[in-house]
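One structure below.
Number of protein chains: 2
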Amino acid sequence: MKCRVCGQPASINLRSYKTALCDADFIAFFEKRVQTTINKYNLIVEGDVPIVAVSGGKDSLALWHLMNKLGIPCDGIYIDLGIEGYSETSLDKIKKAAEILKRKVYVFRIRSVLDCGVDGLAKAMRRMPCSACGMVKRYIMNKVCMDKGYNVLVTGHNLDDEASALLGNVLYWKKEYLWKKDISLEAKEGHLSRKVKPLFLCSERESAAYAIMNGIDYVYDECPFSMKAKSITYKGMLNTLEETSPGTKLMFVKGYLKTQKDVVKAGRVVGEVTGEDTRQTKYCVNCGYPSYTEKCLFCWTLEKFGIQNDVKFDEYGPYSIDSGHGVMT
Amino acid sequence: MKCRVCGQPASINLRSYKTALCDADFIAFFEKRVQTTINKYNLIVEGDVPIVAVSGGKDSLALWHLMNKLGIPCDGIYIDLGIEGYSETSLDKIKKAAEILKRKVYVFRIRSVLDCGVDGLAKAMRRMPCSACGMVKRYIMNKVCMDKGYNVLVTGHNLDDEASALLGNVLYWKKEYLWKKDISLEAKEGHLSRKVKPLFLCSERESAAYAIMNGIDYVYDECPFSMKAKSITYKGMLNTLEETSPGTKLMFVKGYLKTQKDVVKAGRVVGEVTGEDTRQTKYCVNCGYPSYTEKCLFCWTLEKFGIQNDVKFDEYGPYSIDSGHGVMT
């Protein structure tokens, strides 16, 4: 198979685009796609100060690399969930990336507040680990934006993540979730940062290829708690379809974005379609995070376990390259 | 495992209802569910003259049996698609059922109009067999209603059929199909009969069990042309989900029906949501069947192949039990 652009041997076959490319042309193709997505959906506009949520995996590290390469300087935020043998390895890869990119990374360690990891928290909350993890991540990632002056949180959710979450939402038609999924989520001034997903239309396989071709060192293993998640089943199903009908995931997600716009617009006129919450948005009396109750779930959880809400970030950055351990703020 | 109702050994485990039942109690349960569906969605109302579309498979034969048992007298319509080794076996089962039920069945033979079966027609039309088959079935089933005085066409589409078709529609978000799927489709007076699907909320496994427990003799094999259909892939995917999360298919289809109502209502107000065709509905100048073009696809196809549109039905019925071959009208 030859590269469609230069005629040299191709290194990746992109069946959903009916094309094959060599390393250099794939890198250019991938970067152009992400840049186009950013422009088309106004993900980053002039004056924005974005920060990338990094996990140590291929998507977020590829994205961090790419954003900076595209001339959109981004620091990073990492949440150490205290998962043995996983969280520390992830942090090592992230520190390495921060050094290469010469960018700062903020680190929040769950064990600096709780005396357990996210699995212990989940047990105490009687929730699944993914549910507790989501709660912590949403809160902390917003907090770093609010506290440190970033106005856009950039996440590495890829096409496979979005398609599988969308499939789950569609299977149960939960209107309060279904029509809210989007490539960018609006800010609530002073309370909630904007959230954007530049890899929304790029597959897992593509972001992995981009990371490998750029020599980005990332954690190969999936989070040990994600193994039982339904999203893995959904991803498997969608991959089966993709094999026989290349491009299915992309059409599914792009078609949704279009439908969602129509439905949300109609819902604003007639109501009742999107399950828009009619309760007035309130803010946590303790921390200011959006919450329908007096205290947000994060503050409520800490209080329940008698813990002081004293979230602090370690900062590792361009000035700490030689120490290898970063500098505490 | 014991029957939840009578405590005798259960013969079927219904995981999506968290129950197990013996033969007699399952039959009662299944009939009550179908009756409830008919009442809740006003599928059959007083004064209706329904006819069941029978294929010879478990769903349509179980439904035909059940409708008559529920006190809703129904004749049948069978379309012989001229598929060798399949169409004749199917007709045999249907004739047998007609005799048992003491009801009439109309038979249209594709070879009475064309000199080939549905596969030949598909080739000539350069379409997939399922596409040609759908065109013929929609036309002929409507025609028997119009010509013979039936106002409701009752089809045996089950939960698995509907869930898999819905999944296909949702994956591509084709708004012109997606929001049109429904448990009943309205009539166009004098042109199109109403269509209803009483098994919409009953799984394939349930209708097979009902047929077997009632000693209904049906064709086990699927149509040989359906093997390559995408619907088979979708059904497999949904069955995998059903295994780990019983009730998924039912929630998917019921959730859709609710969402569809909201979206269609909103679409009527603001437009643009459901892709409602704004072209005025016209009727075929030749046969009166609804068509956006001057001639409907059926008439156009016959004309293209130089064939006279001379659709006639054979009638087999209660008066022909002893002949075994029916009486031509």
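Same order as they appear, the protein sequences are chains A and B.
The numbering used here numbers the first residue of the first sequence as 403 and each following residue consecutively.
The numbering used here numbers the first residue of the second sequence as 403 and each following residue consecutively.
Each residue gets a CB set at the ideal place from its N, CA and C atoms; glycine is no exception.
Within the DSSP bridge table, the entry for GLY519(A) names no partner. DSSP lists ILE453(B) as the bridge partner or partners of ASP477(B).
Relative to the Cα of LYS632(A), the nearest Cα in the group LEU573(A), VAL456(A), ASP494(A), PRO475(A) belongs to LEU573(A).
Nearest to MET543(A) by C-alpha distance, out of VAL556(A), LYS684(A), LEU416(A), is VAL556(A). Within the region 569-599 of chain A, the residues whose Cβ lies closer than 7 Å to some Cβ of chain B are VAL572, LEU573, TYR574, TRP575, LYS577, listed in chain order.
Across the structure, ASP477(B) and GLY449(B) are spaced so that their CA atoms are roughly 15 Å apart.
For GLY551(B), no Cβ of chain A is located within less than 8 Å of the residue's own Cβ.
Partner residues in the beta bridge of PRO411(A), as assigned by DSSP, are LYS404(A).
Contact check between the region 522-537 of chain A and the region 410-428 of chain B: fewer than three CB pairs, one atom from each, fall below 8 Å, which does not count as touching. Residue pairing for ARG596(A): DSSP places it in a beta bridge opposite VAL554(A). Taking the CA atoms as reference points, ILE481(A) sits about 24 Å from GLY617(A). In terms of Cβ geometry, TYR718(A) and LYS497(A) form a close pair [threshold 8 Å]. In this structure, GLY536(A) lies away from VAL451(A), with their beta-carbon atoms at least 8 Å apart.
Three or more beta-carbon pairs separated by less than 8 Å are not found between the region 567-586 of chain A and the region 459-469 of chain A, which leaves the two stretches without contact.
With respect to LEU594(A), GLY558(A) sits apart: the two C-beta atoms are not nearer than 8 Å. LEU423(B): member of the beta strand (DSSP E) spanning 421-423, first to last residue. Counting only residues of its own chain and dropping the five nearest sequence neighbours on each side, ASN560(A) has a CB closer than 7 Å to the CB of ASP461, LEU601, CYS604, SER605, GLU606, SER609. The Cβ atoms of ALA589(B) and ASN553(B) lie closer than 8 Å to each other.
Under the 8 Å Cβ criterion, the region 706-717 of chain A counts as touching the region 505-516 of chain A, having at least three qualifying pairs. With contacts defined as CB atoms closer than 8 Å, ILE474(A) and ILE446(A) qualify as a contacting pair. Per DSSP, HIS559(A) is not a residue of any alpha helix (DSSP H), being assigned neither H nor E. Per DSSP, GLU705(A) is one residue of the alpha helix (DSSP H) stretching across 699-706. If you draw a 10 Å sphere on the C-beta of PHE654(B), you find 16 or more other C-beta atoms in it, and that means buried.
Note on geometry: alpha-carbon atoms of GLY487(A) and LEU699(A) lie some 28 Å from one another. With a threshold of 16 other beta carbon atoms within 10 Å, LYS442(A) falls short and is exposed.
When only Cα atoms are considered, GLY669(B) and LYS504(A) end up about 51 Å apart. Per DSSP, reduced to three states, the secondary structure at ASP584(B) is coil, with no helix or strand assignment. Taking a beta-carbon distance threshold of 8 Å, VAL666(A) does not count as an interface residue toward chain B. In this structure, DSSP gives LEU465(B) a helical state, which the three-state scheme calls helix. Taking the CA atoms as reference points, VAL520(B) sits about 13 Å from THR703(B). The CB of MET639(B) comes closer than 8 Å to the CB of MET639, THR642, LEU643 in chain A, given here in chain order. Short of 6 Å from the beta carbon of CYS701(A), and not among the five residues preceding or following it, lie these beta carbons of its own chain, in chain order: CYS686, ASN688, CYS689, ASN711. A straight-line Cα-Cα distance of about 16 Å links ILE709(A) and TYR541(A).
Among the residues of chain B, those whose CB is under 9 Å from the CB of MET653(A) are LEU573, TYR574, TRP575, following chain order.
For GLN410(B), the number of other beta carbons within 10 angstroms of its own is below 16, and it is reported as exposed. Counting only Cβ-Cβ distances below 8 Å, LYS660(A) has contacts in chain B at TRP575, in chain order.
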